[in-house]
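As given, the protein sequences belong to chains X and V, one line each in that order. Going by the numbering used here, the letters in the first sequence line up with residues 43 to 155, in that order. Going by the numbering used here, the letters in the second sequence line up with residues 10 to 123, in that order. Where a beta carbon is used, it is the ideal one built from N, C-alpha and C, also for glycine. Right, one structure below, let's go through it.
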Amino acid sequence: DAGVTQSPTHLIKTRGQHVTLRCSPISGHKSVSWYQQVLGQGPQFIFQYYEKEERGRGNFPDRFSARQFPNYSSELNVNALLLGDSALYLCASSLEWGLYGYTFGSGTRLTVV
Amino acid sequence: EDQVTQSPEALRLQEGESSSLNCSYTVSGLRGLFWYRQDPGKGPEFLFTLYSAGEEKEKERLKATLTKKESFLHITAPKPEDSATYLCAVQPLISNTGFQKLVFGTGTRLLVSP
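Listed below in structure tokens is the structure:
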């Protein structure tokens, strides 16, 4: 079985630009969560989607948005990029809404210059 | 506010030298506590979930335990391939059906030398 798939693996963007990150969950998993991991820190919760609806949002500005598609894949969008947005963005999928644990993808490394 | 503190920040061991990593947490209600292993540039890899005080789980050289305030990850006779960052996370009890999240600590960087 394929695990959680994220694309692209690496990305370099300029300040002020927009970025879209993509995630395909494990087959059968209905929930996708997004986390931001700055170098040397633990992952921080951004969003959780379950059954295509936003169920929770972390302490991130409105420049961050996401959606989940009918096939349960998800996109994370970040507008007006800042240098501080440089991080590893992790997607986690879970059966139901996380009651049975989470499987993380390998992440997208975003560098803002 | 839910909070997770891990110690030490970094740990250097000789191969075969056993030790423990600590995870202290403050949470209004605990649904579960998770341990993950993370290699550089990769996503966290699931190790254990603990749900109630007194629970213990083992996998190869690793053993995780849970009390009401903290969790320990014991590493017995480590090998160089155990070198990684070990992350602890709590899953708070949230009343909204369909919403769950993890609150992570900053991790312990473990280096095991041959």
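> In its own chain, which residues sit with a C-beta less than 8 Å from the C-beta of Arg70 of chain V, not counting the 5 before and 5 after it?
Replying inline: Counting only Cβ-Cβ distances below 8 Å, and skipping sequence neighbours, we find Ile84, Thr85, Ala86, Pro87, Lys88 and Asp91.
>> I'd like to confirm the pairing. Which residues does DSSP put opposite Val121 of chain V in its beta bridges?
In response: Val121 of chain V is bridged to V:Leu22.
> With a cut-off of 8 Å, does the C-beta of Tyr144 of chain X fall near any C-beta of chain V?
Replying inline: True, the Cβ-Cβ gap to chain V drops below 8 Å.
>> Can you pull the chain V neighbours of Lys83 of chain X, defined as C-beta to C-beta under 7 Å?
In response: Position check: residue 83 of chain X holds Gln in this sequence, whereas Lys was assumed. Within chain V, the residues near Gln83 of chain X are Thr115.
> Apart from the five residues just before and just after Val80 of chain X, which ones in its own chain have a Cβ nearer than 7 Å to its Cβ?
Replying inline: Beyond the five residues adjoining it in sequence on each side, Val80 of chain X comes within less than 7 Å, by CB distance, of Ala129 in the same chain, given in chain order.
> By Cβ distance, which residues of its chain are closer than 8 Å to Leu20 of chain V, with the 5 residues on each side in sequence left out?
Replying inline: Closer than 8 Å at the Cβ level, and outside the excluded window around Leu20 of chain V, lie Ser28, Leu30, Thr117, Arg118, Leu119 and Leu120.
> Looking only at DSSP bridge pairs, what is Ser173 of chain X linked to?
Replying inline: Given that chain X is displayed from residue 43 to residue 155, the structure contains no residue 173 of chain X and the question cannot be resolved.
> If you check the beta carbons only, do Gly45 of chain X and Gly147 of chain X fall under 8 Å apart?
Replying inline: Yes, these two residues count as a Cβ contact at 8 Å.
> What distance in whole Å lies between the Cβ atoms of Ser61 of chain V and Pro101 of chain V, which are believed to be in contact at a cut-off of 8 Å?
Replying inline: Contact flag wrong, Cβ pair sits at about 15 Å.
>> Less than 6 Å between C-beta atoms, sequence neighbours within five positions excluded: which residues of the same chain meet that for Leu118 of chain X?
In response: These residues qualify, in order along the chain: Leu63, Trp76 and Ala108.
> The beta strand (DSSP E) spanning Leu96 of chain V covers which residue range?
Replying inline: Looking at the DSSP string, the run of the beta strand (DSSP E) that includes Leu96 of chain V is Ala93 to Pro101.
> What's the C-alpha gap between Pro49 of chain V and Tyr131 of chain X?
Replying inline: Near 14 Å, if we compare the C-alpha coordinates of Tyr131 of chain X and Pro49 of chain V.
> Can a CB atom of chain X be found closer than 8 Å to the CB of Gly63 of chain V?
Replying inline: False, the Cβ-Cβ gap to chain X never drops below 8 Å.
> For the beta strand (DSSP E) that Leu30 of chain V lies in, which residues bound it at each end?
Replying inline: For Leu30 of chain V, the enclosing beta strand (DSSP E) stretches over residues Ser28 to Thr35.
> Taking the alpha-carbon positions, what's the Glu26 of chain V to Pro123 of chain V distance?
Replying inline: Glu26 of chain V and Pro123 of chain V have their alpha carbons spaced roughly 10 Å apart.
> Helix, strand or coil: how does DSSP classify Gly98 of chain X here?
Replying inline: Strand at Gly98 of chain X.
> chain X partners of Phe55 of chain V, CB-CB under 9 Å?
Replying inline: Listed along the chain, the chain X residues whose CB falls inside 9 Å of the CB of Phe55 of chain V are Gly143, Tyr144, Thr145 and Phe146.
> Which residues of chain V have a Cβ atom closer than 9 Å to the Cβ of Leu132 of chain X, listed in chain order?
Replying inline: Under the 9 Å cutoff, chain V gives Gly52 and Pro53.
>> Taking 8 Å as the threshold (beta carbon to beta carbon), is Lys110 of chain V in contact with chain X?
In response: Yes, Lys110 of chain V lies at the interface with chain X (some Cβ there is under 8 Å from its Cβ).
>> For the beta strand (DSSP E) containing Ser116 of chain X, name the first residue and the last one.
In response: Judged by DSSP secondary structure, Ser116 of chain X falls within the beta strand (DSSP E) whose first and last residues are Ser116 to Val120.
> Which chain V residues are close to Phe87 of chain X, counting only those with a beta carbon under 8 Å from its beta carbon?
Replying inline: Per Cβ cutoff of 8 Å: Lys110, Leu111 and Val112.
>> As a quick exercise: from V:Leu75, V:Leu82 and V:Gln47, pick the residue whose alpha carbon is nearest that of Lys68 of chain V.
In response: Minimum Cα distance to Lys68 of chain V is reached at V:Leu82.
>> Give me, in chain order, the residues of the same chain whose beta-carbon lies closer than 7 Å to that of Gly149 of chain X; leave out the 5 immediate sequence neighbours on both sides.
In response: Excluding sequence neighbours, Gly149 of chain X sits near Gln48, Leu130, Tyr131 and Leu132.
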